[in-house]
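Remarks on the structure that follows.
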Ligand SMILES: C[S@@+](CC[C@H](N)C(=O)[O-])C[C@H]1O[C@@H](n2cnc3c(N)ncnc32)[C@H](O)[C@@H]1O
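Written out as structure tokens, the structure reads:
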């Protein structure tokens, strides 16, 4: 398994219940953002797969299951893969359907057959690894033709460094060093290019940003993320963005 010399992915191993309960931690931002990301993914999945009841979704770097548990609740057959066994144990406890298949593994070498999933997702994940192209190629391999690849990541620019790294480190309590590193952030153009190299065509991208009110701003200066902190979609891809790509039907193996 390749590891960046700077990014610290071990922080997820020790979060435990805090994945779901902590507000004095940047994981509260991830949780809040997931409340906007998951409905968007759900809408696109429903639009694409219509009434099908046998849709299989694989979520890579699923952490404690913010997307997987939500999607399982909507009737999808979900597999969640992560290298952090501790996170998967939490994910399992919060899976109300008790249907999600949680698997430990490495995104660079997925323990699944070619073309075995209808959709694959990588939310807040690609900027945690050194070789996102390699991981996207692996995801494309296990995706069926006509299937969808969902992603969420952060753009790489000075503003993103300031807001997503420096401001979060300064404002939110218990933000570990090297939770994010600017070098691993990915521009939308790079994501389109990597998807293309992996045989996938990006269909749509949208920005996502905090919904600020004076109350939430004020509370943020206490170092604690307010319970009602929320995100919304925005046209700008300058900071945080998500989207999906499709694996063309006619693609030859
Ligand atoms: C920021 S968390 C995102 C979790 C989840 N996708 C979400 O949006 O809540 C990144 C996750 O990627 C996992 N991870 C990092 N490198 C990985 C790898 N090479 N293979 C599988 N999982 C990995 C970490 O353990 C962590 O749970």
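Numbering (the working numbering), first residue to last: 929 to 1181.
Think of the CB as a built atom: it goes at the ideal place given N, C-alpha and C, for glycine as much as any other residue.
Boundaries of the alpha helix (DSSP H) harbouring residue 994: 994 to 1001, taken from the DSSP string.
For the options 1003, 961, 967, 934, the alpha carbon positioned closest to that of residue 1156 is the one of 961. C-alpha of residue 1164 to C-alpha of residue 1132: approximately 13 Å in a straight line. Burial check for residue 1060: the Cβ neighbour count within 10 Å reaches 16 or more, so the residue is buried. By the criterion of a C-beta distance shorter than 6 Å, residue 1138 is surrounded in its chain by 1159, once the five residues flanking it on both sides are discounted.
Contact annotation: residue 1077 and residue 1096 have beta-carbon atoms that are not nearer than 8 Å. A straight line joining the alpha-carbon of residue 1074 with that of residue 966 spans about 21 Å.
With a threshold of 16 other beta carbon atoms within 10 Å, residue 1032 falls short and is exposed. Residue 1114 has its CB no nearer than 7 Å to any heavy atom of ligand 1. The C-alpha of residue 999 is placed about 14 Å away from the C-alpha of residue 988.
Residue state for residue 941 is assigned as helix, using DSSP reduced to three classes. Restricted to the segment 1070 to 1114, the alpha helix (DSSP H) segments that are unbroken, complete and at least 4 residues in length are 1096 to 1099, listed in chain order. Beta bridge pairing from DSSP links residue 1160 with 1137. Distances from the CA of residue 1152 to each of 964, 1172, 1098, 983 were compared; the closest alpha carbon is that of 1098. DSSP places residue 1036 in the coil class of the three-state scheme, outside both helix and strand. When DSSP states are grouped into helix, strand and coil, residue 1049 belongs to the strand group. In this structure residue 1011 is buried. Its beta-carbon is surrounded by 16 or more other beta-carbon atoms within 10 angstroms.
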